[in-house]
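Working notes, structure below.
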Amino acid sequence: MSFTIKAGEDLGIPEVHFWTASACSFMGYLHFDELINRGIIPFKGKSS
């Protein structure tokens, strides 16, 4: 919703932008170190 930036500027209203992630993304971020420790990531291709 990029129009909110312009509207906020025109009206003198501070704007705040939020980025929301899915639950799956959150779990990936939460367990990132464990995924590396277990060798699950980085993914290994056919040549590896």
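Using numbering that gives the first Met the number 0, the first residue of the sequence shown is number 0, and each one after it goes up by one. All residues carry an ideal CB built from backbone N, CA and C; glycine is no exception. Because the structure is a prediction, the values reported are computed rather than measured.
TODO: Using the Cα positions of Y28 and G7, report the straight-line distance between them to the nearest angstrom.
DONE: As a position in the sequence shown, residue 28 is number 29, starting the count at 1. As a position in the sequence shown, residue 7 is number 8, starting the count at 1. Y28 and G7 have their C-alpha atoms some 32 angstroms from each other.
Extent of the continuous alpha helix (DSSP H) to which G27 belongs: For this step, residue 27 is matched to residue 28 along the sequence shown. Residues A22 to L29.
Cβ shell of P13 (< 8 angstroms), same chain only, five flanking positions each side left out: Residue 13 sits at position 14 when you count from the first residue of the sequence shown. So the qualifying residues of the chain are G7.
Next on the checklist: Under DSSP, the alpha helix (DSSP H) around K43 begins and ends at which residues?
Outcome noted: Looking up residue 43 in the sequence shown gives position 44. Where K43 is concerned, there is no enclosing alpha helix (DSSP H), given that its DSSP letter is neither H nor E.
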